[in-house]
Amino acid sequence: MKIPKLKIHTQILLALLLGSIFGAIFSINQTKLFISHSENGIIKESAVEKWESLTVYSAGEKIIANDFSSKEQVEIIAYVRKLIKKNSDFSITVKSFKNSNGEIVSEKEFREVKKVYKQKTAPMQIKWIGDLFIRLLNMIAIPLVIASLIVGAASLGDIRKVTRIGGKTIGLYLITTFIALTIGVSITNLIKPGSILSEDTKSRLLAAYESEAADKFETNVEMDFSQEVVNLFPKNPFEAMSSANMLQIIFFIVFFGISLSSVSREKSEPVINFFDGVSETMIKLVDYVMIIAPYGVFALIAATVSEFGFNILQTLFWYSLTVVLGLLLHTLGAYSLLIKLFTKMKLSVFFRGMREVHAVAFSTSSSAATLPLNMEMCQKNFGTSKSITSFVLPLGATINMDGTALYQGVAAIFISQVYSMELNIMQQLTIILTATLASIGTAPIPGVGIVMLAVVLRSVGIPQEGIAMILGVDRILDMCRTVTNVTGDAAVTVSVAATENELNHGIAMAAASGKQNAAS
Ligand code: ASP
4 MKIPKLKIHT
14 QILLALLLGS
24 IFGAIFSINQ
34 TKLFISHSEN
44 GIIKESAVEK
54 WESLTVYSAG
64 EKIIANDFSS
74 KEQVEIIAYV
84 RKLIKKNSDF
94 SITVKSFKNS
104 NGEIVSEKEF
114 REVKKVYKQK
124 TAPMQIKWIG
134 DLFIRLLNMI
144 AIPLVIASLI
154 VGAASLGDIR
164 KVTRIGGKTI
174 GLYLITTFIA
184 LTIGVSITNL
194 IKPGSILSED
204 TKSRLLAAYE
214 SEAADKFETN
224 VEMDFSQEVV
234 NLFPKNPFEA
244 MSSANMLQII
254 FFIVFFGISL
264 SSVSREKSEP
274 VINFFDGVSE
284 TMIKLVDYVM
294 IIAPYGVFAL
304 IAATVSEFGF
314 NILQTLFWYS
324 LTVVLGLLLH
334 TLGAYSLLIK
344 LFTKMKLSVF
354 FRGMREVHAV
364 AFSTSSSAAT
374 LPLNMEMCQK
384 NFGTSKSITS
394 FVLPLGATIN
404 MDGTALYQGV
414 AAIFISQVYS
424 MELNIMQQLT
434 IILTATLASI
444 GTAPIPGVGI
454 VMLAVVLRSV
464 GIPQEGIAMI
474 LGVDRILDMC
484 RTVTNVTGDA
494 AVTVSVAATE
504 NELNHGIAMA
514 AASGKQNAAS
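Quick note: the sequence shown uses our numbering, first residue 4, plus one each step.
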């Protein structure tokens, strides 16, 4: 019997599902800790499991008032890492635990602790396949953006058309970001997840993630508006390309493309043809890389599910729920509205056409890595023209992060609630404004949204230390907000293409009916 070959998006969705199951089956033992410590000058690795309590002492005094329970694996590891980084002299006492030989030990003190870590599970050992997949996607992104943007800008032709399309694009990006923030801020005021968090949990999270959070806002630069504008233009375009500074690349390439369309045909044609060839080649490369997508997605999701301490999700349940609810409302509400307003496309065609893109965004947590696939899918599933796609989408991947903005809004209000700060309407508006700017400045790679959150908090005087409370769940929420980010880019691309009559409905219909699917 011949087994039918599954379409690539079915394969990826299956990989997502099976990866989650595999990760869950081989999930980390959430109460087992490995303690690397020195005993009589010899380094020993001790495994402790199912303990009753864990206390950290310094010079005979408890450092943290309440003992840790065995459910706080992630917090303990972060807390010990902080102490080691600070070169603190401390010891750990664990009460009633099972050791590596399965014996119950009533109490043991571990001195000269070098490290506390979790076990390495099977899914964590195959994570490299996922990392390879992300790398290959990133490898394609910059050459693809450069080549297709040059062809796109040159084919847009005159500066008036570029300004018109640029205006529409940036306008829609800003409006959707504003809506996202309004949703985020409103539902956080409604649900009040910060008021539900107990004092004990608050101080525990703060203590555990304090130093990691401090690292985040130390690396953060002050936002100086005029300097940001100057920085849009690269001093050296090649430097911008090698450091993947997307915004600078876009500015340079747009000018390059426009100038190219104004030199003689004899000179411009070979250049355009060359970059057209490069762009086609890169798109072909996306198809090749997508062959390993199911494996990459499987490995990434399995490793995350297996490694992630779901206990922390329980601790921050209401906060995480608020973020996810906001993202769902925005993704299904605002983007549906855009599609309905500007196109004749059925919503089901749009969201079905985005399935692969969603799976890749979710598992890689990176808009940049998802960009090549998003560009390909917009053209093949929705029929957006090449010139619009190659102009609007890379710009979106760089400046349009609705999911990140919404998340920053929720996080800022949440932290203010935990600190019992009453924010007035002006302060909430300031959060909306700064989070809009901060999301524009967020790089399209994993985990940057939370770094830029420091700017938002500073704008209204919310303690930046509060970031420590939400660090533990950032990874999982990053995956979710990246899905919204890439959907927003695609929705605006489709809308702008429709207003410019550069949306081929025939292609969208054919793709939807399965006659032609990009990577199947
Ligand atoms: N990971 C997000 C993205 O690439 C950015 C962030 O919010 O950290 O879109």
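The beta carbon of each residue, even a glycine, is placed where N, CA and C say it ideally should be.
Since this is a predicted model, take the numbers as computed values, not measurements.
Tell me where the beta strand (DSSP E) around residue 117 begins and ends.
For residue 117, the uninterrupted beta strand (DSSP E) run begins and ends at 116-120, by DSSP.
Closest Cα partner of residue 86 within the set 253, 185, 234, 115
The shortest Cα separation from residue 86 among 253, 185, 234, 115 belongs to 115.
Would you tell me roughly how many angstroms separate the C-alpha atoms of residue 143 and residue 43, rounded to the nearest one?
Here the alpha carbon of residue 143 sits roughly 53 angstroms from the alpha carbon of residue 43.
Unbroken alpha helix (DSSP H) run spanning residue 322, endpoints:
320-332 is the extent of the alpha helix (DSSP H) around residue 322.
Let me know if residue 232 comes out buried or exposed under the rule of 16 or more other beta-carbons within 10 Å of its beta-carbon.
Burial call: exposed.
Residue 149, buried or exposed, once every other Cβ within 10 Å from all chains shown has been counted against 16
Buried.
Return yes when at least one heavy atom of the ligand ASP lies under 7 angstroms from the C-beta of residue 363, else no.
No, since every heavy atom of the ligand ASP falls outside the 7 angstroms radius drawn around the Cβ of residue 363.
Under the three-state reduction of DSSP, which class applies to residue 339: helix, strand or coil?
Residue 339: helix per DSSP, three-state reduction.
Alpha helix (DSSP H) runs wholly inside the stretch 172-249, at least 4 long, in chain order:
Correct list: 196-199, 202-221, 228-234, 240-245.
Compute the Euclidean distance between the alpha carbons of residue 135 and residue 357, then round it to the nearest angstrom.
Near 23 angstroms, if we compare the C-alpha coordinates of residue 357 and residue 135.
Could you pull the start and end residues of the alpha helix (DSSP H) that residue 401 belongs to?
In the DSSP annotation of this structure, the continuous segment of the alpha helix (DSSP H) that includes residue 401 starts and ends at 389-402.
Out of 77, 208, 188, 40, which has the shortest C-alpha to C-alpha gap to residue 470?
Closest in C-alpha terms to residue 470, from the list 77, 208, 188, 40, comes 208.
List the DSSP bridge partners of residue 36.
Per DSSP, 51.
For the ligand ASP, is there any heavy atom lying closer than 7 angstroms to the beta carbon of residue 488?
Yes - the ligand ASP has a heavy atom lying nearer than 7 angstroms to the Cβ of residue 488.
May I have the straight-line CA-CA distance separating residue 405 from residue 178, to the nearest angstrom?
Separation of residue 405 and residue 178 (C-alpha to C-alpha, rounded to the nearest whole angstrom) is 10 angstroms.
Classify residue 192: buried if its beta carbon has 16 or more other beta carbons within 10 angstroms, exposed otherwise.
Residue 192 is exposed by the Cβ-count criterion.
Please report the straight-line C-alpha distance between residue 522 and residue 17, rounded to a whole angstrom.
Model confidence at residue 522 stands at a pLDDT of 38, short of 50, so the residue's coordinates are unreliable and nothing is read from them.
Distance, Cα to Cα, residue 524 vs residue 180?
Residue numbering for the chain in the displayed model covers 4 to 523; residue 524 lies beyond these limits and cannot be assessed.
Which residue wins for smallest C-alpha separation from residue 459, given the options 354, 407, 479?
Taking each of 354, 407, 479 in turn and checking the Cα distance to residue 459, the smallest one comes out for 407.
Assigned secondary structure, residue 96 (DSSP; H/G/I helix, E/B strand, else coil):
In the three-state reduction of the DSSP assignment, residue 96 falls in the strand class, which pools E and B.
Note down, one range per segment and in chain order, each alpha helix (DSSP H) of at least 4 residues found wholly within the stretch 251-304.
268-294, all fully within the stretch 251-304.
Of the residues 146, 111, 93, 167, the one placed nearest residue 118, counting alpha carbons only
When only C-alpha atoms are compared, the closest one is 93.
Looking at the ligand ASP, does it come within less than 7 angstroms of residue 478, judged from the CB to the closest heavy atom?
Look at residue 478: its beta carbon is at least 7 angstroms from all of the heavy atoms in the ligand ASP.
Can you tell me whether DSSP reads residue 113 as helix, strand or coil?
Strand at residue 113.
Using CA atoms only, rank isn't needed, just tell me which of 283, 236, 248, 410 is closest to residue 389.
Closest option to residue 389, Cα to Cα, is 283.
Assuming the contact rule is C-beta atoms closer than 8 angstroms, residue 20 and residue 216 should be a hit. Round their C-beta distance to whole Å, please.
Taking the Cβ atoms as the reference, residue 20 lies roughly 34 angstroms from residue 216, outside the contact range of under 8 angstroms.
CA-CA distance, residue 603 and residue 141?
Residue 603 lies beyond the stretch modelled for the chain, which goes from 4 to 523, so this question has no answer here.
Helix, strand or coil, according to DSSP, for residue 522 in the structure here?
Note that residue 522 scores a pLDDT of 38, beneath 50, so its modelled location is shaky; the value from the coordinates is reported in the next line. Residue 522 falls in the coil class under three-state DSSP.
Please check the pair residue 363 and residue 23, which I expect to be a contact at CB under 8 angstroms, by giving their CB distance rounded to whole angstroms.
Going by Cβ atoms, the distance from residue 363 to residue 23 rounds to 15 angstroms, so no, they are not a contact pair.
Rounded C-alpha distance that separates residue 90 from residue 41:
About 15 angstroms.
State buried or exposed for residue 345, treating a residue as buried only when at least 16 other CB atoms are found within 10 Å of its CB.
Residue 345 should be labelled buried.
Quick check: does the Cβ of residue 447 come within less than 7 angstroms of any heavy atom belonging to the ligand ASP?
Checking every heavy atom of the ligand ASP against the Cβ of residue 447, one is found closer than 7 angstroms.
For residue 71, the residue or residues it bridges with in DSSP
Bridge partners of residue 71 according to DSSP: 57.
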